[in-house]
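Sequential numbering from 7 applies to the sequence shown in the numbering used here.
Just so it is clear, CB atoms sit at the ideal spot from N, CA and C, and this is done for glycine as well.
In what follows, a single structure is set out as C-alpha cells and then discussed.
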Amino acid sequence: MTETLRPARICVALLAALDAAEGRSRARKRDQTADAIGLSLRRELLERVARDDPEPEAFEQWLLDHVEASAAPGAARATARAVLDEWRLAHRLDSFAAWLELGAPSADAGTG
7 MTETLRPARI CVALLAALDA AEGRSRARKR DQTADAIGLS LRRELLERVA RDDPEPEAFE
67 QWLLDHVEAS AAPGAARATA RAVLDEWRLA HRLDSFAAWL ELGAPSADAG TG
C-alpha cells in the first residue's frame with residue numbers, strides 16, 4: 007500500500023472483526039473466562055485507539071505508553087503487539103487492507 011492508513015481507521019475495522027470472534031466464542035461449549043478476558047482487553051485497546059486517533063508515525067510509542075500505564079502490562083503488551091502487527095499487515099498486504107475496508111466481513115458475525 008502506498009497510502010499510510012491511520013491506526014484509528016484500522017482499529018475500527020478490527021472491532022468489526024472482533025464482533026465475529028465474540029460470536030464464535032459464545033458458541034463454544036467450554037469455560038470461556040480466558041477468552042472473554044482476552045477479547046475484553048482487545049476491545050478496550052481497539053476502542054481507545056479509535057478514540058485517541060494517534061498519528062501513524064507515533065503509533066508504536068502510543069502503544070508502548072499504553073502498556074506502561076496498564077495494571078496488567080504482560081497482557082497489555084501481548085494485545086498491543088497483536089494490534090501493531092495487524093496494523094503493519096494492513097500496510098503490507100493489500101488483500102488484508104481491502105478486507106478491513108469492507109468491514110471485515112465474516113460468516114461468523116452475528117453468530118451466537
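- Close CB contacts of S76 within its chain, under the 7 Å cut and outside five residues either way in sequence, are with A82 (chain order).
- Of the residues W93, A88 and S46, the one whose Cα lies closest to the Cα of R15 is W93.
- Within 10 angstroms of the beta-carbon of A64 lie fewer than 16 other beta-carbons, which makes it exposed.
- Inter-residue distance for E53 and L21 is about 8 Å (C-alpha atoms, whole angstroms).
- Within the same chain, and ignoring the five residues on either side of C17 in sequence, the residues whose Cβ sits closer than 6 Å to its Cβ are L52, V55 and A56.
- In the structure shown, S76 falls within a coil segment according to DSSP collapsed to helix, strand and coil.
- Taking the Cα positions, F102 is about 22 Å away from E50.
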